[in-house]
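S.K.:
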Amino acid sequence: MESREDMRPTAGRKWKRASEACTFCRRRKIKCSTERPTCMNCKMHSKTCHYAPIDSSVRVRTVRREEPAEYTSPAATTPEATTTLSEENSPMSRQSEEWAEKGLVAEAARQRQFEQVNARLGKLDFDGVEPELGLHLLSLHWNRQHHSFLITYRPAFMRDMACNGPYFSKLLLNAIYFSAAKFSPRHELRRERDNVRTAGWRFRERVRELLGGALDKSDITTIQALLVMTNSLFALGDERSAAWLYAGLAFRMIVDLGMHVESPKLTSHRKFSDEDSEIRRRVFWAAFVVDKIQSLYQGRPVTIKESDTLVPIKFLDTFEEFESWTPLAYSTQPSVDYPGSPSYTVSTFRYFCELSVILSDILSTIYTERSFQNTPGELSIKLETINARLAKWHEALPGHLSATSQKAAITPPPHVLNLQALYHVLVILLHHPFITDGHHYHTYRNISAKSLKACATAANAIVQLVRAYDKAFSVRRAPYLISYATYMAATIYVRIAAKRTAGSDAHNSLGTCLAVFNENQHTNSAVRRANALVQNLMKRLGVTVPNTSAIHIDKTAETEEHRGPLATAESGSLSQEPGLQGLDIDSIIQSFVREAESLQANRGAVAGSLDTSQLQSSAVAPDMPSSNPQNTTGASPYDFTASWGAPGQMPLQGDAMMSLDDLFYGFNSSALDSFPVTPMPGWDAL
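Each residue of the sequence shown is one higher than the last, beginning at 1 in UniProt numbering.
1. With DSSP as the reference, identify every bridge partner of Ala-180, one or two as the case may be.
2. For Gly-40 and Cys-32, what's the separation of their Cα atoms in angstroms?
3. Can you tell me where the alpha helix (DSSP H) holding Arg-281 begins and where it ends?
4. Apart from the five residues just before and just after Ile-362, which ones in its own chain have a Cβ nearer than 7 angstroms to its Cβ?
5. What did DSSP end up calling Pro-414 once you bin it into helix, strand or coil?
6. Across which residues does DSSP place Pro-342 in a beta bridge pair?
7. Any idea what DSSP makes of Ala-76, helix, strand or coil?
8. Output the distance between the C-alpha atoms of Ser-343 and Phe-322, rounded to the nearest integer angstrom.
9. In angstroms, rounded to a whole number, what distance separates the CA positions of Lys-499 and Gln-294?
10. Rounded to the nearest angstrom, what separates Arg-202 and Leu-172 at their Cα positions?
11. State the CB to CB distance for the pair residue 699 and Ala-162, rounded to an integer number of angstroms; the pair is presumed to be in contact (CB under 8 angstroms).
12. What does the alpha-carbon distance come out to for the pair Pro-565 and Leu-383?
13. Under three-state DSSP, which class holds Arg-190?
14. Here's the rule: buried if 16 or more other CB atoms are within 10 angstroms of the residue's CB, otherwise exposed. What is Gly-103?
15. Apart from the five residues on each side of it in sequence, which residues of its chain come closer than 8 angstroms, Cβ to Cβ, to His-50?
16. If you check the beta carbons only, do Val-545 and Gly-511 fall under 7 angstroms apart?
17. What is the DSSP secondary structure of Val-466, reduced to helix, strand or coil?
18. Considering only residues of the same chain and omitting the five flanking positions on each side of Phe-349, which have a CB-CB separation below 6 angstroms?
19. Return the chain-ordered ranges of every alpha helix (DSSP H) run that is complete within the stretch 114–179 and spans a minimum of 4 residues.
20. Where does Val-261 fall in DSSP's three states?
21. Where do the ends of the alpha helix (DSSP H) carrying Thr-48 lie?
22. In chain order, what residues of the same chain lie with their CB nearer than 7 angstroms to the CB of Glu-306, ignoring the 5 residues before and after it?
23. With 16 as the cutoff for other CB atoms within 10 Å, does His-562 come out buried or exposed?
24. Count the C-beta pairs between the stretch 515–530 and the stretch 466–479 that are closer than 8 angstroms, then say yes if the count reaches three, no if not.
25. Considering Cα atoms alone, identify which of Thr-230, Gly-248, His-136 is closest to Leu-189.
26. Give the DSSP bridge partners of Ala-199, in chain order.
27. In the DSSP output, what is Leu-310 paired with across the bridge?
28. Rank Ile-176, Leu-397, Glu-101, Gly-165 by C-alpha distance to the C-alpha of Val-129 and give the top, closest one.
29. Would you check if the distance between the CB atom of Ile-589 and the CB atom of Ser-380 is smaller than 7 angstroms?
30. Given Gly-200, which residues of its chain have a CB within under 7 angstroms of its CB, disregarding the five upstream and five downstream residues?
31. By the 10 Å Cβ neighbour count, where 16 or more other Cβ atoms means buried, how is Val-117 classified, buried or exposed?
32. If we call anything under 7 angstroms between Cβ atoms a contact, is Ala-489 one with Val-527?
33. Rank His-147, Val-196, Val-543 by C-alpha distance to the C-alpha of Ala-506 and give the top, closest one.
34. With three or more beta-carbon pairs closer than 8 angstroms as the criterion, would you say the stretch 209–220 touches the stretch 230–241?
35. Express the C-alpha separation of Ala-156 and Asp-276 in angstroms, rounding to a whole number.
36. Helix, strand or coil: which one does DSSP assign to Pro-546?
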């Protein structure tokens, strides 16, 4: 922000450090505004501001420590001034980061203590909300949404909430209120007492009121508010367009503030404190992740491309990493006995960012308008390349982020399980098109077979994960990503169960998926669509499970675990894959391919686009004739002749098609709202 930036001198000279920092700021190792007679920090903390000269040797060490070589003027001509990459790993750079980390962690711990002090003294600005209610909603936010994407930076927000500082705004506060309200049991937060979807409605109105005046100038708190609102509005189901537009505004502001690049050449006229840099970096990567998740759900091109950015995935404030976490905003059952766990928030977010980079490549490589221009061989090479990156990411995952077994002593927090769920989602997302595309099956049969194995492995892992999740927290309030992963697993298990006898592990796993839908639809409306689509697919393939109302998540079942890295199809290890033992692999693949080829034959005039009128006429209830006499395509009543990617996406190879039941990219697109959610047996029990 302008009030926190210092201008650099002219080219050819090193910009001047605050060697005149006051004694208090120097001792606390925080940036001094150097205002006379009293700097901003001394005003805030009611300290006597005193400027004392420092020894020249200390001055030199301080400058070298706090100003790494990459921040020298672009006009400098020495070799050291241009070796940014080597300097990043230099001892001096590491020492500087160590000091910055210590300072940020110390300040975070200090501000956490001040939260209670400021609350008792009545210094916190709740924007007219009763302090007790405001603290309740903030507690829910810090317990849940905050850990997902680190959009908000707690030390700065809570500090500035007490002094109207730059990292607090009423817009952001009300966005937090709104996002947390639906997880509160307090009915006074709802417009309709028994309708959780109306929770926080007055905060939504307040956000609308404040947002108008905030759009004339880019500001970090406005970006944070827009990102928080994006996630909350999307979960409502009927607010996806608003979520998409809010996110777009946030992305524009990020570029406007230059937050997408950390480069000495582009930021030589600015100087940010360690706290400023930490916040900017966190907010940028939060936006990057939100962009990719929204693109996946809504089937739209990504906005923030990695090639246009230069921000390291490195977060120095690790105070929250080992902070004790309990499921305040997750469990609906007071009897749930969860002993608590370290939050692992910072490391989780770091690996989430890395995984989002891979997700971006999958969307821009496999699920792109022009993917049909690539030959099967070219796409297969891309498959192997991205799959190797996924495997490398998974191998590098530390132990505390990878343990999900129900037999583990402590189930990790939900945001850690979210990370694992996203990994398995990406595996299915990457491999699924290579099963459904007839070109690949007929030309590279072993690739399709390996892709089926990868999808089955991921589906098995997802079922294991949701069982562990429900056992520890209950899936009733699980985030949408858990339900989305469950939907992807269910579509795989329906295909396998169709080749199995009733009561098989595949049927039990499918029953678990349906039970998750049954529980989770209360807070995530899109789950109703997932439930209907999966049950429609079951009916078409002749798969039956117990009535939905009788299904319960089997919290003790243990299907066969992962068997390590993906093996080749030629090795015969496919028969050992969970749910695939003794099955004809080709028959399962052909169940995908035949549908795609049938749809291709009936493609007609809807190539590469979503004809919603045909979708409405073809997606009718079982045993009901089409209401459109013009519908003579002969396609299954639950199919639509669109691309395998998303509405508006061109099909792979130009003609590979698939049914709506297998749509992953863009599954929750508003373009599919015209698809009727058909009530199925047991639906009334939801």
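C-beta: ideal position from N, C-alpha, C; glycine also.
M.R.: The answer reads as follows:
1. None, per the DSSP bridge assignment.
2. Residue 40 is actually Met in this sequence, not Gly. Using only the alpha carbons, I get a separation of about 7 angstroms.
3. Its alpha helix (DSSP H) spans residues 274–298.
4. So the qualifying residues of the chain are Ile-386, Leu-426, Leu-429, Leu-430.
5. helix
6. Ser-324
7. Below a pLDDT of 50, predicted positions are generally treated as unreliable, and Ala-76, at 35, falls in that range; no measurement from the model is reported.
8. 6 angstroms
9. 35 angstroms
10. If you draw a straight line from the Cα of Arg-202 to the Cα of Leu-172, it is about 14 angstroms long.
11. With the chain running from 1 to 686 in the structure shown, residue 699 is simply not present.
12. For Pro-565, the predicted model reports a pLDDT of 29, less than 50, meaning its position is unreliable; a value from the coordinates is still stated below. Distance from the CA atom of Pro-565 to the CA atom of Leu-383, rounded to whole angstroms, is 15 angstroms.
13. Arg-190: strand per DSSP, three-state reduction.
14. buried
15. Once the five neighbours on either side are set aside, the close Cβ partners of His-50 are Cys-22, Thr-23, Phe-24.
16. yes
17. helix
18. Leu-150
19. 131–143, 145–149, 154–163
20. strand
21. In the DSSP annotation of this structure, Thr-48 is not part of any alpha helix (DSSP H), being labelled neither H nor E.
22. Val-357, Ser-360
23. Any reading at His-562 must be qualified, since the residue scores a pLDDT of 37, below 50, and its modelled position is unreliable; the value itself is stated next. So His-562 counts as exposed.
24. yes
25. His-136
26. Arg-190
27. Val-261
28. Ile-176
29. no
30. The residues are Tyr-177, Phe-178, Ala-181, Lys-182, Leu-189.
31. exposed
32. no
33. Val-543
34. no
35. Computed Cα separation, rounded: 9 angstroms.
36. coil
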